[in-house]
Amino acid sequence: MTPRVAVCWDVDGTLLHGGPIGVEVLGAAFTQVTGHPARFDAIRMGGHTDWLIGEALRDALDAEDAAVVSARGDDFGHAMIAAVSDGWHRRAGDLAAVSRTLPGVRATVAALAADPDVVQTLTTGNVRAGATAKLTAVGLADGPIDLGLGGYGEGPGARVRVVEQARDALTARYGAAPTMVVVGDTPRDVEAAHGAGAIAVGVATGRSSVEELVDSGAEHVFDDLADPARLVAVVRSAGEDRHAAEAGR
112 MTPRVAVCWD VDGTLLHGGP IGVEVLGAAF TQVTGHPARF DAIRMGGHTD WLIGEALRDA
172 LDAEDAAVVS ARGDDFGHAM IAAVSDGWHR RAGDLAAVSR TLPGVRATVA ALAADPDVVQ
232 TLTTGNVRAG ATAKLTAVGL ADGPIDLGLG GYGEGPGARV RVVEQARDAL TARYGAAPTM
292 VVVGDTPRDV EAAHGAGAIA VGVATGRSSV EELVDSGAEH VFDDLADPAR LVAVVRSAGE
352 DRHAAEAGR
């Protein structure tokens, strides 16, 4: 059965908080690949993919060092992704002590899973190994969120590529992509959703405020997911719209 709606979750700041380990993994990977310390104080990470964070750290180097790394082209990015993924395989066991799901997440995921017209996956800036480690740490990896349908921050380009990757995976499995509802905590999640033709739901459980998410153009904005019925209603409405469109063909 082809689902009518795909709920596409961001991870950090939306489903969970994972403590400082993500920054440590990225920093170690950057130093391994470039030989330079990572200057996180000079960049903004929120809503960026791991690939783009690597580029931002590169650009924060002194001009001469940045030019040397830039000359490597995409080879630098691929080396960063490989090092970050390897770092997550080594550090995954450290997450359980510092990770926690955000209010209402478990109940919301469970409520959506009860609807046969809904499939859940990820659209995250994390590499897949990082996303898997984080969901495993909070007990969500073996639940209804299908990581095999997800989009991850492992390649070049804007974050919209992550949503497009998930759309392509959904199309490959079902023959046509369901209506996509992207749930995230930053304006970049909203921008990526709209760039791929998806509905954007903002949740102010990360660094962005309700006002910032509203200003970014999200169709729906919640302060948190403590009341699962709110997101369930959005998803149900999207499914009804999809059904009406299919019936009218």
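Residue numbers (the working numbering): 112 to 360. The C-beta atom is built at its ideal place from N, Cα and C for all residues, glycine as well.
Report the residue from the options whose alpha carbon sits nearest the alpha carbon of residue i.
i: L172; options: A190, H189, R150; result: R150
i: P255; options: D335, Q231, A208; result: Q231
i: P214; options: F333, A344, R347, E302; result: F333
i: G165; options: H200, T234, G266, A208; result: G266
i: L137; options: A207, V293, D161; result: D161
i: G124; options: V345, S327, V294; result: V294
i: A67; options: D326, R270, G286, H331; result: Given a span of 112 to 360 for the chain in the structure shown, any question on residue 67 remains unanswerable.
i: A225; options: R347, D352, E351; result: R347
i: Y263; options: G250, T235, A280; result: T235
i: H200; options: A355, D296, A248, V325; result: A248
i: A203; options: A222, P227, K245, V216; result: K245
i: G268; options: G306, V216, V134; result: G306
i: R169; options: G157, F187, A193; result: F187
i: A221; options: E275, L206, D253; result: D253
i: V292; options: Y285, A303, G286, R284; result: A303
Taking 6 Å as the line, does the beta carbon of residue i fall inside it for any heavy atom of the ligand GTP?
i: R353; result: With respect to the ligand GTP, the structure shown offers nothing to examine, as it has no ligands at all.
With a threshold of 7 Å on Cβ separation, who are the neighbours of residue i within its own chain once the five nearest residues in sequence on each side are excluded?
i: A153; result: A171
i: D257; result: V230, Q231, T232
i: P227; result: M112
Could you please give the first and the last residue of the uninterrupted beta strand (DSSP E) stretch that includes residue i?
i: V238; result: It is not in any beta strand (DSSP E) - V238 carries neither H nor E in the DSSP assignment.
i: G295; result: 290-295
i: A311; result: 310-314
i: H331; result: 331-333
i: V118; result: 116-120
Can you name, in chain order, every residue of its own chain whose Cβ lies under 6 Å from the Cβ of residue i, other than the five neighbours on each side?
i: S196; result: V238, A240
i: G184; result: none
i: V209; result: G130
i: T219; result: L336, P339, L342
i: V216; result: L126, L336
What would DSSP say about residue i, mapped onto helix, strand or coil?
i: L127; result: strand
i: V230; result: strand
i: A171; result: coil
i: H189; result: helix
i: G350; result: helix
i: I164; result: helix
i: A113; result: One point to set straight first is that residue 113 is Thr, not Ala, in the sequence displayed. If DSSP states are grouped into helix, strand and coil, T113 belongs with coil.
i: G262; result: strand
Short of 8 Å in beta carbon distance, which residues of its chain neighbour residue i, apart from the five on each side in sequence? Order them along the chain.
i: G191; result: The sequence given here places Met at residue 191; Gly does not occur at that position. So the list reads A140, F141, V144, D161, W162, G165, once near-sequence residues are dropped.
i: D326; result: P298
i: P289; result: T113, P114, R115, V116, A117, V230, L281, R353
What first and last residue would you give for the alpha helix (DSSP H) that runs through residue i?
i: A140; result: 132-145
i: A203; result: Segment: none, A203 is in no alpha helix (DSSP H) and carries neither H nor E.
i: Y285; result: 271-285
i: G306; result: 298-306
i: E323; result: 321-326
i: A222; result: 216-224
Are the stretch 318-327 and the stretch 132-150 touching, with three or more C-beta to C-beta distances below 8 Å? Taking 8 Å as the limit for Cβ pairs, the verdict is that the stretch 132-150 does not touch the stretch 318-327.
Count Cβ pairs between the stretch 233-241 and the stretch 120-137 that sit closer than 8 Å; are there 3 or more? Cβ pair count under 8 Å is three or more, so yes.
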